[in-house]
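Q: What follows is a structure written as C-alpha cells; I'll ask about it next.
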Amino acid sequence: MTGAVAMAEPANERGTWSSHVTFDEIKAHRTFESVIEQITDQIDANGLGAGSRLPHESVMAEKMSVSRPTVRQALKILQASGVLEIRAGKSGGVFVASDMIPVNLLAQNIAHEVDHVSELVATRRLVEPIVVHLAAENASADELDRIEATIGMMGRHADNPVMVERADGMFHRRIAHAAGNKILLRTISNIYKQLIPMRHSLSYEVGDAERMIAVHGRQMDALRARDHVRLDEVLGDSFVTMEEELGVQVHHSLRWVTERGPTGS
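If you use UniProt numbering, the sequence shown closes out at 265, no skipped numbers anywhere.
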C-alpha cells in the first residue's frame, strides 16, 4: 500500500494490535467517512475478529493526518453500528466488537450523520445572517474591539490548528453576544459547537488560517461600517466555502432588508 504507515506494536494477540494494521493520510471531504472506510478495510484485510484491539484514537489521527474529533466522530458511528466497542479505563481502548461487519446498519448510520451535517449547515445559513446583522446594529465599540482581537489571535497561532479553531469559535461567539439576543445566542452557539470542530477536522494548512483571517477581516470591516450589503457578500462567501469543504449543498439563504426593500436598492 503506497504511502501507508505500519504500526510498530506486538502482532496477532487479542488485546494488542497487529503491526499489519496500516493507515494512509486522508485528504478528502467528509473525512469521517474516509476514517470509517480505512478502519473497516483494515479489519477485513487483517482478519480481525471480536476482541481484537485497534490503535488508540490519537495514533489513528496522526497516521491518517486528521484531527482527533474526526476520529471520534468515526468511532462513534462504528460503535453505534456494532463494529467497534470503546472500553474506558486503564485496560480500555478500541476493540472490534463482532466477527462480521454489519454493512447495512453502518451505511444507515453514515447516512444519518451526513444528514445531520447537512441540517447543521442549512440551519447556519438561516440563523447566522440574523445574528451578524443584529451585531452590526447593536455592537458597542468595546464589543467590536473584542471581536477584532480574536482575528489577531488567529494570526499569532496560524501554525496551530487547535488554537485557530478556538480563536475562530471566540470570533463567532463574540459576534453572537454583541447581537444582544439571548435566544439567538443559545441557538447559534449550539450550531457553532457542533459545526466548527467539523470544519477544523478537515486537512489543515497554514494557508487555511490566512484565508480565514482575510474573510474575518472583511467581515470585521463591514461590522464596523454597519454595511449590511458587504456583510451579506462576506457571509455568502463564507457559507459557500464551508459547504464546499464539507461536501454539502444548500439552496437557500437570508439577507438584510430595509423597509424600502433590499439594502442598497
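We put the beta carbon where it would ideally sit given N, CA and C, even for glycine.
Taking 8 angstroms as the cut-off, does the region 42-49 touch the region 131-148 (at least 3 CB pairs, one atom from each stretch)?
A: The region 131-148 vs the region 42-49: no contact.
Q: What whole-angstrom Cβ distance do residue 268 and proline 102 have, given they're in contact under 8 angstroms?
A: Any property of residue 268 remains undetermined from this structure, which presents the chain solely from 1 to 265.
Q: Buried or exposed for valine 66, please, with buried defined as at least 16 other CB atoms from any protein chain shown within 10 angstroms of its CB.
A: It counts as buried.
Q: Alpha carbon to alpha carbon, how far is histidine 177 from asparagine 46?
A: Between histidine 177 and asparagine 46, the C-alpha separation is close to 51 angstroms.
Q: Could you say if the region 147-154 and the region 105-118 meet the contact criterion of at least three C-beta pairs nearer than 8 angstroms?
A: Touching, no.
Q: Return helix, strand or coil for arginine 255, following the three-state DSSP convention.
A: In the structure shown, arginine 255 sits in coil (DSSP, three-state: anything other than H, G, I, E or B).
Q: Can you look up isoleucine 196 in the DSSP assignment and give me helix, strand or coil?
A: Three-state result, isoleucine 196: helix.
Q: Assess contact between the region 114-124 and the region 239-257, defined as three or more Cβ pairs (one per stretch) separated by less than 8 angstroms. Is contact present?
A: Yes, the region 114-124 touches the region 239-257.
Q: Mind checking serine 140: buried by the 16 CB within 10 Å criterion, or exposed?
A: Exposed, because fewer than 16 other Cβ atoms sit within 10 Å of the Cβ of serine 140.
Q: Beta-carbon separation of leucine 195 and valine 132 under 8 angstroms?
A: Their beta carbons are not under 8 angstroms apart, which means leucine 195 does not touch valine 132 by this criterion.
Q: According to the neighbour-count rule (16 or more other Cβ atoms, all chains shown, within 10 Å of its Cβ), is isoleucine 77 buried or exposed?
A: Answer is buried; the Cβ neighbour count reaches 16.
Q: Since arginine 87 is in the alpha helix (DSSP H), which residue starts that stretch and which ends it?
A: Premise fails: arginine 87 lies in the beta strand (DSSP E), 84-87, not in any alpha helix (DSSP H).
Q: Could you have a look at leucine 54 and say whether DSSP puts it in helix, strand or coil?
A: Here leucine 54 sits in strand by DSSP.
Q: State the Cα-Cα distance for the pair leucine 231 and valine 257, rounded to the nearest angstrom.
A: Distance between the alpha carbons of leucine 231 and valine 257 is about 12 angstroms.
Q: Three-state secondary structure (DSSP) at threonine 92?
A: Residue identity differs from the one stated: residue 92 is glycine in this sequence, not threonine. In the structure shown, glycine 92 sits in coil (DSSP, three-state: anything other than H, G, I, E or B).
Q: What did DSSP end up calling leucine 48 once you bin it into helix, strand or coil?
A: The answer is coil: DSSP assigns leucine 48 none of H, G, I, E or B.
Q: Counting pairs of Cβ atoms below 8 angstroms between the region 206-221 and the region 154-172, do you hit three or more?
A: Result yes; three or more Cβ-Cβ pairs closer than 8 angstroms.
Q: So for valine 5, helix, strand or coil by DSSP?
A: In this prediction, valine 5 has a pLDDT of 33, which is less than 50 and means its spatial position is unreliable; nothing more can be read from the coordinates.
Q: From this set, His216, Ser98, Phe171, which residue's C-alpha is nearest arginine 53's C-alpha?
A: Nearest option by C-alpha distance: Ser98.
Q: DSSP on residue 282, reduced to helix/strand/coil?
A: Here the chain has residues from 1 to 265 only, and residue 282 is not among them.
Q: Select from Gly180, Arg255, His112 the residue whose C-alpha is nearest the C-alpha of glutamate 33.
A: Nearest C-alpha to glutamate 33: His112.
Q: Which same chain residues end up closer than 8 angstroms to arginine 72 when comparing Cβ atoms and leaving out the 5 residues on each side of it in sequence?
A: Once the five neighbours on either side are set aside, the close Cβ partners of arginine 72 are Glu57.
Q: Under three-state DSSP, which class holds valine 164?
A: Reduced to three states, the DSSP call for valine 164 is helix.
Q: Tell me whether alanine 4 is buried or exposed, calling it buried when 16 or more other Cβ atoms sit within 10 Å of its Cβ.
A: Any answer about alanine 4 is weak, because its pLDDT of 41 lies below 50 and its placement is not dependable; what the coordinates show is given next. Under this definition alanine 4 is an exposed residue.
Q: At what residues does the alpha helix (DSSP H) containing proline 102 begin and finish?
A: From DSSP, proline 102 is part of no alpha helix (DSSP H); its letter is neither H nor E.
Q: Tell me whether serine 249 sits in a helix, a strand or coil according to DSSP, three-state version.
A: Reading off the sequence, residue 249 comes out as glutamine, not serine. Of the three classes helix, strand and coil, the one that applies to glutamine 249 here is coil, per DSSP.
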